[in-house]
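In full-length UniProt numbering, the protein residues as written are 1 to 163.
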């Protein structure tokens, strides 16, 4: 789960007309801001990993507390649905704590890599079927993965085709 996307969800909650949702959204937004700052400071070696993990666990507890605070609000069905959906994937939100130095907080890098192809696909309409769309998605994903690993995508693909 990408914390940048999550922060945008929290931002929407913070702009709610419902005061309780607005306050909880502001609190969640602050958690995301604190987490981004904490992660940046850790990566810049401002403090050690133990300190980072201790603070991140506190932020995890606060996040759960604020999200569960939204659940009993009867007159905010959209916010309740958002909170439920986030709580369903709560474990995935904190996956980066398993290895904070290598598991990124966001998927911005991956999104930037495929953006060109997504825009091209949307503008060109060069596949004729859903099967063609899936094929293209897979080929692009493989191509970019191999490039990132500094492998020759064309050589690997030709080997696959030959076998």
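Positions of the beta carbon are idealized from the N, C-alpha and C atoms, including for glycine.
Rounding to the nearest angstrom, what Cα-Cα distance links residue i and residue j in this structure?
i: residue 99; j: residue 21; result: 32 Å
i: residue 132; j: residue 141; result: 14 Å
i: residue 85; j: residue 9; result: 11 Å
i: residue 157; j: residue 148; result: 15 Å
i: residue 60; j: residue 94; result: 8 Å
i: residue 71; j: residue 19; result: 15 Å
i: residue 78; j: residue 162; result: 52 Å
If you measure between the beta carbons of residue i and residue j, is that distance less than 8 Å?
i: residue 40; j: residue 11; result: no
i: residue 56; j: residue 35; result: yes
i: residue 89; j: residue 80; result: no
i: residue 13; j: residue 24; result: yes
i: residue 3; j: residue 105; result: yes
Which word fits residue i, buried or exposed, when buried means at least 16 other C-beta atoms lie within 10 angstroms of its C-beta?
i: residue 17; result: exposed
i: residue 38; result: buried
i: residue 49; result: exposed
i: residue 66; result: buried
i: residue 160; result: exposed
Residues in its own chain within less than 6 Å of residue i by CB, not counting five upstream and five downstream?
i: residue 51; result: none
i: residue 138; result: none
i: residue 42; result: 52
Please go through the same chain and pick out, in chain order, the residues whose beta-carbon is closer than 7 Å to the beta-carbon of residue i, but skip the five residues on each side of it.
i: residue 97; result: 53 and 56
i: residue 103; result: 95 and 96
With a threshold of 8 Å on Cβ separation, who are the neighbours of residue i within its own chain once the five nearest residues in sequence on each side are excluded?
i: residue 68; result: 83 and 87
i: residue 62; result: 27 and 31
i: residue 153; result: 142, 143, 146 and 147
i: residue 64; result: 87 and 90
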